[in-house]
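Have a look at the structure below, then the notes.
Residue numbers (this note's numbering), protein chains in the order written: chain P, 1 to 363; chain W, 364 to 726; chain V, 727 to 1089; chain Z, 1090 to 1452.
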């Protein structure tokens, strides 16, 4: 019940604070016989790592993963996979000034309300650094999915009000390839350039921007998702809303569905060589909480980075009076580009779990 | 792991199909000593019941709840509370024509993909009738929350493109009172009248409409929600996205957060007589996955009713060829008014669970 | 987390008190496609039912089961199976005298300590009547196991100090057949007759007797059980110790293992036509928490019925002073004969769950 | 659902193999505000460590624990506590000869049956080394229990047929103190000397011995345990039976209860200054699955160490033919002395979990 585990059959438990010894994850329930190496996991961690470009935080973390258990001769054995990344470049003293001054938009006050104590250094467990464990575990899930022909990939769709114009019919591999070409992870290179400029302007103003990312999974077989409470869309919503800074989750037509008529929204069913298929995909690949076989399409709305250098009003807890703070330090002015690998990881974890759960659905 | 249970400490398990013997729920983990009667549960079921007005389905179900266990002398005993509602007005023959013809926008094909068999009568377990158990359990959760001064209430914010204009500063009880005055459950009576007209026009066209509902909880103490995977917003997103027809979930500023700057989005922290409080509530009452003490604000985007009488394209599974179907029967042309009590129930269940979980957070 | 559910993939939730409206169970996670009828379930309930013979309680309960959901056309659909048995012959007034006088050996005081309130009628939820739901669910599990060639059966090995002499090499079907021929469920007919006499003598003395039952499962494939905390023997121990009146659980050689030498205890491994097999079965079919393919052998030590008519010392809670009570009513003077179907059900539930979990062990 | 986690509110996940990089545990759900240091954990690990005396394995492991997360300023923060012990003295080559020759009494064949692959070095995950994580987590649980005045302690009651004679009325602290004075952990020093001689004789014969350990918890408040499936005795049975080599678990009178009469077994209830109390404790401190307030008394029967140097019959898997093996290496000839801290840890984990769960039992 404790909140640091995710998944049922394919289940992960993450641990670690921003400025503690390190961060890590234990993956329990990964089937035996899966080829797995540190290189595969490292590849995903490198996509999440800070310091990748001028628009992201300058905190320098090599983030080398060590697999401590669960594999033998390069293959998973069915026992728990423990992965560890040491914290190296943690400058805790930068946070001393914030000890008694909760930052607006952060979890400082709420951790204190819940636990009575908190590790104030760098946000502790509420830091984005916690997602290292998610991404490492997600890399294992992606390997499992790849064995079954499933690809999960994401990109930035909108950032600081700049919307990407995605070519209809582009396949997911092409979108991901385009997205990885620029620092904002947007497949539309023209929009990407505008986004970079918007970020620079915001940074100069001591401010930050929000955006929207889209995560897609292709190759998902029909039948995944367990009604009525462990539906695929429900589990995806929880997985994605539970990433820091996400304020909305959409599946398929999303919010727009509220403005459509049934005759537009319903995806017509057509005969096909491999059984019925859907003409359109407003459902986003899920009906009744179960995958249809069409691509799973999720979108997340990400709030602007709460750490900004402009003065903000808060309270000094030791004295109970109003004060202003300016948050210095090495913060990304936008979250979406680095949230993409995290969101992909979460989607992959949900799919891997449900893929294994599907096996118990029939005698 | 099986998907028909929800919650951890306060945990429910629902059962029943649209056209089986009945529907019900077992509530496990409700604390002992809570006053509970069938009348309290019935009151919530009456709000969900079909046939309440001209705009909802004409299926007539009295939906009388029986509490079979878990109370003694009008008080809960800590043992499981089993509640049962018999199915009375189920006209199964109406569905014979649909046995081999999956309805667009419905879960017919996906249940078949998952289980290999399905109860085709009225959608079986994927029917809205399944929510009877959720609402009954939610009534118990609401009782528990009321003991702690927490009120959960919802209303329709938008329907068929008509948006309500809610007076700033109206309190939740007033909003709920206004909403219960009209068949669309919209607190803005003028908008409500327009919504009714839009529904009638859609129905005449053999079509259906979508909409947006907002659920708010006030009186929630700070500290609810268990990082990093059982966050309050994550659990709410799962609870709400898992209701049939919901395609998006927003918390606080929601999708709009993606277009804001950090300096606008961050809610300033002010000193207050009972400790720090927030000037605004873009966070929707949740930071870092933990409640702040401000009202919890959730919105759901609801797709138009998939059952429409206009001809739709589908496939006859027995012959594998394209056919057209027209869905006759007693269907609501809009879902939001009747989804409100269901969504309230889900929010109440999440809050009750986390309220009990909070007790283990400190020594 | 609430305690009235059992199992993970194949998961049951029981509800109901001895003197409430009824008792029941929801089975969630039973695979679709399993043939299931009320008759199959009824057959198991009849074995558990009171009033079967002169040595068991004279409470007359027909115990007719109703399957309310989860099947269609005689086959499971993958949705929850809700089963209900109404309480008919509950004489609550017999318990009025016990309201303030906790019975020694019963859970009266402990329920009060935990919940602050309790349903004193007939032991409420702590009554043996609660096991109706377990047996009904176990019947479903047994059906699933039977599809895979697995048989679970039990019998009484010792009662009131009389030990059965079981012929070496008798197969499980023969043992079960012998056991069902007499009211004490002992396959050794001579021992059975002595047991009946011992019971009659104890009853005349206003006293009760304990005993030992053995439950065996044959046909279990190797590989069931999930190290290191959901081991098959651990889960069986929990399932069996959690039945009221059980004070010890043994697997294979059990307590005797403590007095053996390694060279005797270790079962030699021999080559066989279908792979390695074991010469002996001191392990009871489980090594490292995983089934070996040999028969699973469990034994439970059952305490004497706590309800006896001889005077016993207790306390009147309303006055806080010592009193004597004599428990009248319709109580079995021994528990083992009627515990056998319950213990079989629990073993079947554990095996069904692990059978489904095994599917996720390899890619 | 994956099997390497234990507990619900106070929940641990262990990882690591005998000859991998290390072993460890993540404790999730430990309340914030508990004083915790590496020294406290180390103290428990030292009791479990190999090489403590002439009768235990000569493998030399310093077993230094590192706490990587979850504490700040010497106090738990409510976030996951990750603990790690590196493997140092692992001589894997000693196991090369056993790669294709499954050891009788070990889990070699069953891991292979379940997972298709296995890490054969030192038993992999099935090694006693896996219990390092349990003992480390148990140390945290013991700290939590100590705050509430609960002491958990164990000792060896019988070994190689030698039974300890424990003075009636000795308190638990005195028993534990006596037990820690000798290498067999038996509070009866005369019996302890005999046990040591029996061990030496068995070792000379290339054989091993079994025994019985008793674990007692005092200071446990009434009300712990969640009927009807998460009963305290059921959870203890699972926790203890799930330790390698345990073949039987008894609570209170245990197996002897089967031979008692109700009038002897039932513990009379007496008035007391702090409410009703029990004259005797045949129940072992648990009635109806809920603690009574009397000491919790559990016993485990432990089989002889399966690794013996005498020749044993097994099968060479690569050739499918019968062979003899002699297991060389550094093995304890008896398990009970070193199982005591492990069993204490498991009991402490169960109690800590139920202590936190008790908080949700009443409004």
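Beta carbons are placed, not taken as given, at the ideal position from N, Cα and C, and that holds for glycine.
When DSSP labels each residue in this structure, what does residue 256/P get in the three-state scheme?
Assigned with DSSP and collapsed to three states, residue 256/P falls in helix.
Interfacial residues, the stretch 906–921 of chain V to chain Z, with Cβ spacing under 9 Å:
none
Leaving out five residues before and five after residue 303/P in sequence, what residues of the same chain have Cβ atoms less than 7 Å from its Cβ?
210, 245, 247
Taking the DSSP output, what are the residues bridged to residue 1165/Z?
Among the bridge pairs identified by DSSP, residue 1165/Z is matched with 1160/Z.
Ranges of the beta strand (DSSP E) found wholly within the stretch 602–658 of chain W, counting only runs of at least 3:
609–614
C-alpha distance - residue 860/V paired with residue 1072/V, whole-angstrom precision:
Counting only the Cα atoms, residue 1072/V lies some 7 Å from residue 860/V.
Is the Cβ of residue 1299/Z closer than 8 Å to any Cβ of chain W?
Cβ-Cβ to chain W under 8 Å: no for residue 1299/Z.
Please decide whether residue 10/P counts as near chain W, where near means a Cβ-Cβ distance under 8 Å.
no
For residue 28/P, does the three-state DSSP call read helix, strand or coil?
Residue 28/P falls in the strand class under three-state DSSP.
Could you name the residues that DSSP lists as bridge partners for residue 1100/Z?
1117/Z
Residue 768/V versus chain Z: which residues are under 8 Å apart at the beta carbon?
Those do not exist, as residue 768/V stays about 22 Å from chain Z at its closest Cβ, beyond 8 Å.
Ignoring anything shorter than 4 residues, give me the alpha helix (DSSP H) runs that lie fully in the stretch 171–208 of chain P, in order along the chain.
172–179, 189–204, all fully within the stretch 171–208 of chain P.
Who are the near neighbours of residue 349/P in its chain, counting only those whose CB is closer than 8 Å to its CB and skipping five residues on each side?
6, 7, 10, 12, 134, 137, 138, 141, 239
Any idea what DSSP makes of residue 361/W, helix, strand or coil?
For chain W, the structure presents residues 364 to 726; residue 361/W sits outside this window and is missing.
Thinking C-beta only, is residue 379/W closer than 8 Å to residue 808/V?
yes
Burial state of residue 451/W, where buried means 16 or more other Cβ atoms lie within 10 Å
exposed
Over the uninterrupted alpha helix (DSSP H) stretch that includes residue 167/P, give me the two end residues.
No alpha helix (DSSP H) holds residue 167/P; DSSP gives it neither H nor E.
Just the C-alpha distance for residue 1295/Z and residue 996/V, rounded to the nearest angstrom, thanks.
22 Å
Who pairs with residue 325/P in a beta bridge, going by DSSP?
312/P
Are the CB atoms of residue 1018/V and residue 1198/Z nearer to each other than 8 Å?
yes
Listing by chain order, which chain V residues have their CB less than 7 Å from the CB of residue 367/W?
754, 806, listed in chain order.
Alpha carbon of residue 1040/V to alpha carbon of residue 723/W, nearest angstrom:
Distance from the CA of residue 1040/V to the CA of residue 723/W, rounded to the nearest whole angstrom, comes to 35 Å.
Check whether residue 1115/Z and residue 26/P have beta carbons under 8 Å apart
yes
Under the assumption that residue 905/V contacts residue 392/W (Cβ atoms under 8 Å), give the Cβ distance between them as a whole number of angstroms.
No, residue 905/V and residue 392/W are not in contact; Cβ-Cβ is about 38 Å, not under 8 Å.
Output, in sequence order along the chain, the residues in the stretch 105–125 of chain P whose CB is closer than 9 Å to any CB in chain Z.
For the stretch 105–125 of chain P, which is checked against every Cβ of chain Z, the residues closer than 9 Å are 111, 114, 115, 116, 117, 118, 119, 120, 121, 124, 125.
Pull up the distance between the alpha-carbon of residue 519/W and that of residue 850/V, whole angstroms please.
44 Å
In angstroms, rounded to a whole number, what distance separates the CA positions of residue 954/V and residue 1425/Z?
19 Å
Quick one: what's got a C-beta closer than 6 Å to residue 175/P's C-beta in the same chain, skipping five residues either side?
155, 187
Got a sec: which bits of the stretch 1216–1237 of chain Z sit with their beta carbon under 8 Å from any beta carbon on chain W, in order along the chain?
From the stretch 1216–1237 of chain Z, only 1233, 1236 have a Cβ closer than 8 Å to chain W.
Range covered by the beta strand (DSSP E) that runs through residue 520/W
514–522
Could you tell me whether the stretch 649–664 of chain W touches the stretch 594–601 of chain W, using the rule of 3 or more Cβ pairs below 8 Å?
Proximity of the stretch 649–664 of chain W to the stretch 594–601 of chain W meets the contact definition, three or more beta-carbon pairs being nearer than 8 Å.
To the nearest angstrom, how far is the alpha carbon of residue 1173/Z from that of residue 1002/V?
37 Å
Quick one: residues in its chain with C-beta nearer than 8 Å to the C-beta of residue 674/W, no 5 flanking neighbours on either side, listed in chain order?
687, 688, 689
Pick out whichever of 522/W, 553/W, 524/W, 523/W has its Cα sitting closest to the Cα of residue 530/W.
553/W
Let me confirm a value: residue 1361/Z is counted as buried when at least 16 other C-beta atoms fall within 10 Å, else exposed. Which label applies?
exposed
Which residues of chain W have a Cβ atom closer than 7 Å to the Cβ of residue 758/V, listed in chain order?
478, 479, 480
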